[in-house]
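Written below as structure tokens is the structure these notes are about.
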Amino acid sequence: MTDLRKFKSQRDIQAGLIACLQAKRFNEITVNDICEQALVGRSTFYHHYPDKYALLEAMVAQQATKFDQLLDQRVAGLAEDAPLLMLYQQLRVDAATITCLLQVHEKDGDLSNRYLHSLARHAQTLVSKMGLLIPEDFAVTLYATTALTAISWALQHGEPEAISHFMNQLMKMVLNKQD
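Residue numbers (the UniProt record's numbering): 1 to 179.
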């Protein structure tokens, strides 16, 4: 039963931070603000996290791990819209959390950098197998930053089908993979 209470408290505290991030920038948020949003006492907060930075780091790590797992499940290749569309749909479950965390750029709590790193790592496996006319590191960086923009936009605005199709067509063109 203790684990259930711990889970609920952590869930509420994390939801409290997201609610705060929808109204304020991270550096403007206090532990009191988070506790008020989460409807928990400061002692409960400090029982789970030493400070707001540790909370942020835990949430970023959690979302980055999920993202890596989703990327690992994707079918390698840029030929089809389905893998990218599936990624968007699976991320949509946590869209509010992800979009808020992508706006925070703290040293050890930067989801945007973690996503870029993951996207670049996965792109490297695809790009290294192609005989490109451009430097591989440029192609990897271009893919990662463009994919992050597409993911962020689709989570905020919708239309994942159109974004998936556009991204695949764009990458085919950039990587000289035209049908």
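In this text, a Cβ means the ideal position worked out from N, Cα and C, and glycines have one as well.
Query, Result
"Is it buried or exposed for G109, if we count other Cβ within 10 angstroms and need 16 for buried?", "buried"
"Under the three-state reduction of DSSP, which class applies to G41: helix, strand or coil?", "coil"
"Should R11 go down as buried or exposed, given a rule of 16 or more other Cβ atoms within 10 Å for buried?", "exposed"
"So which of R42, R25, F26, K24 has the shortest CA-CA distance to N32?", "R42"
"With a threshold of 8 Å, are at least 3 pairs of Cβ atoms found where one atom belongs to the region 52 to 72 and the other to the region 123 to 141?", "no"
"Which word fits M130, buried or exposed, when buried means at least 16 other C-beta atoms lie within 10 angstroms of its C-beta?", "exposed"
"For F67, which residues of its own chain have a beta-carbon under 8 Å away from its beta-carbon, when the five flanking residues on both sides are left out?", "L91, R114, Y115, S118"
"Tell whether a beta-carbon distance below 9 Å holds between L84 and S152.", "no"
"Have a look at Q73 and I34 and give me their C-alpha separation to the nearest angstrom.", "34 Å"
"Who are the near neighbours of L70 in its chain, counting only those whose CB is closer than 6 Å to its CB and skipping five residues on each side?", "L87, Q90"
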